[in-house]
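Here's the structure we're looking at; comments come further down.
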Amino acid sequence: MSDKAASDNKSNQCNPNNEHYGGHQPGYQGTGTKADLDNHATQLNPNNERYQAPGGQQEPQQQPPPK
């Protein structure tokens, strides 16, 4: 990715008026190790079972269909 493309992507993710806006998560106090950053990313990924919604609210988990 070129420097311009990377800069544009970051600008889009930080712009609340853009469809790719990811929000800003102040207060990360991790150690910055690869394992810590991977865990942090996992917790912010709504497609992961360890996802933690912003504000500590858990999203409702889908129940399996009745048998």
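For the sequence shown, our numbering assigns the number 11 to the initial residue and increments by one for each residue that follows. Note that beta-carbon positions come from the ideal geometry of N, C-alpha and C, so glycine has one too.
Would you say the beta carbon of alanine 51 is closer than 7 Å to some non-hydrogen atom of the ligand GDP? No copy of the ligand GDP appears in this structure; indeed no ligand is present at all.
According to DSSP, is serine 17 helix, strand or coil? Here serine 17 sits in helix by DSSP.
Local conformation of histidine 30 per DSSP, three classes: DSSP places histidine 30 in coil when its eight states are reduced to three.
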